[in-house]
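A quick write-up on the structure given underneath.
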Amino acid sequence: MSKELVHRNYDSHPPAFAPGYKTSVLRSPRNALISLQNSLSEITGPIFGAKDLDPLDNDLIMNYAKDGLPIGERIIVHGYVRDGFGRPMKNTLVEVWQANAGGRYRHKKDKYLAPIDPNFGGCGRVLTDENGYYFFRTIKPGPYPWRNQASDWRPSHIHFSLSGESFAQRLITQMYFEGDPLIKQCPIVKTINNDDAIRTLIAELDTHAAVPLDSLAYRFDLVLRGHRATLFENRTQGAV
Amino acid sequence: MKDYLAETASQTAGPYVHIGLAPQAAGFNIFEKNFSHVLTNSHTQGERIIVEGRVFDGSGTPVRDVLLEVWQANAAGRYNHPADQQTDKKLDDDFRGWGRTCSDFDSGVWRFDTIKPGAVTGRDGRMMAPHLNLWIVARGINIGLNTRMYFSDEQAANETDPVLNLIEWEVRRKTLIGKREQRGDEVVYTFDVYLQGERETVFFDL
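Just so you know, the sequences run in chain order A and B. Each residue of the first sequence is one higher than the one before, counting from 0 in numbering that gives the first Met the number 0. Each residue of the second sequence is one higher than the one before, counting from 0 in numbering that gives the first Met the number 0.
Structure below.
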């Protein structure tokens with residue numbers, strides 16, 4: 000009995016061509032995707048382990064601190080990665096990156112006038128545990144302006160990359176923060192034509208997980224495509 | 000579907016994807032251990048190859064902030080994953096089969112240093128020609144693009160490959176063939192990806 004992935008439902012994803020996000024215009028394929036039934040090439044995928052990471056990799060407050068702590072609102076972001084059937088996705092590589100509290104990225108191509116924080120790198124990574132649970136600690140990223148229309152601002156957000164256990168589960172997304180008025184104006188958020196799908200990208204303030212006199216917490220759960228078992232094979236008895 | 004949870008919506012990787020996935024390319028060192036475009040070590044079995052190319056947008060301009068990942072079988076044609084039960088083929092402890100690369104910010108050229116994979120058995124026992132599975136993200140790409148690179152020197156295997164044959168338009172199959180050349184001591188396959196336009200690469204819904 001082998002496992003296959005449930006087909007991807009594109010209704011919960013942005014289309015490739017979403018002209019409100021101008022860069023997508025020339026970077027979007029115009030032909031239909033060719034749909035494949037799964038083979039080993041799609042069902043398998045890279046396996047990551049503790050040896051790929053270091054213990055501080057999920058602590059963005061400490062993992063680039065040089066001579067002090069980064070400036071900004073201290074937060075914990077945590078949640079569960081599950082598949083479509085609600086099963087925990089264990090041992091999934093979760094990689095995150097973000098701007099600093101002023102909305103500036105530590106990247107040689109980011110020229111925004113807000114300053115670099117000398118004590119903040121802006122990236123982290125962690126493997127989910129047996130229950131699909133992950134957590135990291137960071138500072139809340141600031142919003143920033145970007146060239147799309149002249150006055151577009153990105154809401155505060157953290158980029159997430161997930162490996163899953165199959166190459167066909169690979170996913171990149173962005174997490175937003177509950178209550179941010181910039182979310183509903185954002186051309187990148189609005190590439191998704193589905194309010195339910197947008198809602199799942201908004202992390203909720205989680206007061207029970209806040210650390211008193213230290214950090215607030217946000218809860219962000221993610222769902223990857225589900226695996227279903229192939230119960231019957233169609234190969235005839237004589238075939239090898 | 001009842002009780003089935005919708006997959007989390009994709010969002011673009013954006014222009015600063017390097018910070019999270021390849022911080023050295025963003026211009027700083029943070030992690031002790033870094034993922035790489037080199038898939039091999041000195042013990043890995045198989046023919047050493049370089050795969051390089053560029054990704055072009057609909058105007059024919061190279062996309063210079065693209066990130067690609069490769070997933071491939073080992074030289075024997077087996078994936079390093081428990082779901083691959085082709086037990087007649089040996090696993091290679093020195094080959095994970097996965098790598099990550101970024102295009103050069105000026106030229107747009109990306110590359111992988113890897114080995115040529117063996118053929119993998121596909122659905123219903125049909126052999127697939129050797130291929131690389133590629134996943135492409137960048138600013139302006141709203142959901143990661145999946146494609147495959149096949150090998151120009153595997154013409155016979157390519158002709159019977161079940162996935163290539165699924166592509167109705169023969170002219171489009173060519174977009175998935177990496178071209179082999181000998182460059183000094185090195186074997187190089189060139190694989191250019193066209194996001195849009197007359198030469199648009201075939202992308203898959205996996």
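Quick reminder that beta carbons are idealized off the backbone N, C-alpha and C, glycines included.
Quick one: what does DSSP say residue i is sitting in, helix, strand or coil?
i	result
A:V239	Its pLDDT being 45, under 50, A:V239 is placed unreliably by the model, and nothing is read from it.
B:F150	strand
A:S162	coil
B:A5	coil
B:S35	coil
B:D23	The sequence given here has Gln at residue 23 of chain B, not Asp. Reduced to three states, the DSSP call for B:Q23 is helix.
A:L212	coil
A:M0	At A:M0 the pLDDT is 45, less than 50, meaning the model places this residue with poor confidence and gives no usable figure here.
A:Q173	strand
B:R182	strand
A:I182	helix
B:L163	helix
A:S11	helix
A:D109	coil
A:T22	helix
B:R198	coil
B:V187	strand
B:H42	coil
A:D151	strand
A:I191	coil
A:Y217	strand
B:R172	helix
B:A12	coil
A:A228	strand
B:I140	coil
Do residue j and residue i have their beta-carbon atoms positioned less than 9 Å apart in this structure?
i	j	result
B:Q10	A:I70	no
A:N90	A:G141	no
B:G76	B:V119	yes
B:T113	B:T200	no
A:R103	A:D82	no
B:W109	A:F166	no
B:R125	B:P161	yes
B:R99	B:L131	no
A:K120	B:I49	Checking the displayed sequence, the identity of residue 120 of chain A turns out to be Gly instead of Lys. No, these two residues do not count as a Cβ contact at 9 Å.
B:E51	B:T189	yes
A:I60	A:T127	no
A:E41	A:L32	no
B:A24	B:I140	no
B:R63	B:E185	no
A:I93	B:E6	Looking at the sequence itself, residue 93 of chain A is Val, so the reference to Ile does not match. Contact flag unset, no.
A:L170	B:G57	no
B:A8	A:T22	no
A:A202	A:V76	yes
A:F135	A:P154	no
A:Y63	B:I166	no
A:R7	B:L205	yes
B:F150	B:R179	yes
For residue i, which residues does DSSP report across the bridge?
i	result
B:I145	Per the sequence shown, the amino acid found at residue 145 of chain B is Asn instead of Ile. BP columns for B:N145 point to B:W134 and B:F203.
B:G177	B:F150
A:S222	According to the sequence provided, residue 222 of chain A is Val. The question's Ser does not apply to it. Its beta-bridge partners are A:R81.
B:H52	It is Gly, not His, that sits at residue 52 of chain B in the sequence shown. Looking at the DSSP assignment, B:G52 forms a beta bridge with B:W109.
B:P61	B:F55
A:I157	A:Q97 and A:M174
B:Y193	B:F55
A:A202	A:F176
B:R47	B:I114
Compare the C-beta of residue i against all C-beta atoms of chain E and say whether one is closer than 9 Å.
i	result
A:F231	Structure shown: chain E not included; protein chains present are A and B.
Is the beta carbon of residue i within less than 8 Å of some heavy atom of the ligand GTP?
i	result
B:K88	This structure simply doesn't include the ligand GTP, nor any ligand for that matter.
Of the residues that make up the segment 176 to 188 of chain A, which ones have a beta carbon closer than 9 Å to any beta carbon in chain B? Within the segment 176 to 188 of chain A, the qualifying residues are I187 and V188.
What runs of the alpha helix (DSSP H), each 4 residues or longer, lie entirely inside the segment 28 to 99 of chain A? Those alpha helix (DSSP H) runs which fall completely within the segment 28 to 99 of chain A and span 4+ residues are 39 to 42.
Could you list the residues in the segment 38 to 56 of chain B with a C-beta less than 7 Å from some C-beta on chain A, going in chain order? Within the segment 38 to 56 of chain B, the qualifying residues are D56.
Quick one: which unbroken beta strand (DSSP E) runs of 3-plus residues sit fully inside the segment 67 to 130 of chain B? Chain order, please. Taking only runs of at least 3 residues, the beta strand (DSSP E) segments lying wholly in the segment 67 to 130 of chain B are 97 to 101 and 109 to 114.
Which complete beta strand (DSSP E) runs does the segment 112 to 147 of chain A hold, if anything under 3 residues is left out? You should have 122 to 126, 132 to 138 and 143 to 145.
Identify each residue in the segment 125 to 148 of chain B for which the Cβ-Cβ distance to at least one residue of chain A is less than 8 Å, and report them in chain order. Answer set for the segment 125 to 148 of chain B: M127, H130, N132, W134, V136, A137, R138, G139, I140, N141, I142, G143, L144, N145 and R147.
If you measure beta-carbon to beta-carbon, which residues of the segment 23 to 39 of chain A are closer than 9 Å to chain B? Result list: S23, V24, L25, R26, S27, P28, R29, N30, A31, L32, I33, S34, L35, Q36, N37, S38 and L39.
Output, in sequence order along the chain, the residues in the segment 156 to 188 of chain B whose CB is closer than 7 Å to any CB in chain A. The segment 156 to 188 of chain B vs chain A, Cβ under 7 Å: V162, L165 and I166.
Using a Cβ-Cβ cutoff of 8 Å, what residues of the segment 87 to 100 of chain B are near chain A? List them in chain order. Result list: R95, G96 and W97.
Near-chain A residues of the segment 9 to 23 of chain B (beta-carbon distance less than 8 Å), N- to C-terminal order: Result list: S9, Q10, T11, A12, G13, P14, Y15, V16, H17, I18, G19, L20 and P22.
Could you name the residues of the segment 151 to 173 of chain A whose beta carbon sits closer than 7 Å to any beta carbon of chain B, in the order they occur along the chain? Listed by position, the residues of the segment 151 to 173 of chain A near chain B (Cβ gap below 7 Å) are H158, S160, F166, A167, R169, L170, I171, T172 and Q173.
Residues of the segment 201 to 226 of chain A in Cβ contact with chain B at a cutoff of 8 Å, in chain order, please. Close to chain B, meaning a Cβ-Cβ distance shorter than 8 Å, are the following residues of the segment 201 to 226 of chain A: L221, V222, L223, R224 and G225.
Looking at chain B, which residues of the segment 97 to 114 of chain A have a Cβ within less than 9 Å of any of its Cβ atoms? Against chain B - using a Cβ distance shorter than 9 Å - the residues of the segment 97 to 114 of chain A are Q97, A98, Y104, R105, H106, K107, K108 and D109.
Which residues of the segment 0 to 16 of chain A have a Cβ closer than 9 Å to any Cβ of chain B? Give them in chain order. Listed by position along the chain: S1, K2, L4, V5, H6, R7, N8, Y9, D10, S11, H12, P13, P14, A15 and F16.
Residues in the segment 104 to 123 of chain B having any Cβ partner in chain A nearer than 8 Å: Of all residues in the segment 104 to 123 of chain B, F104, V119, T120, G121, R122 and D123 have a Cβ within less than 8 Å of some Cβ in chain A.
Residues of the segment 83 to 94 of chain A with a CB closer than 8 Å to any CB of chain B: list them in chain order, please. For chain B, the residues of the segment 83 to 94 of chain A that bring a beta carbon within less than 8 Å of one of its beta carbons are G83, F84, G85 and E94, in chain order.
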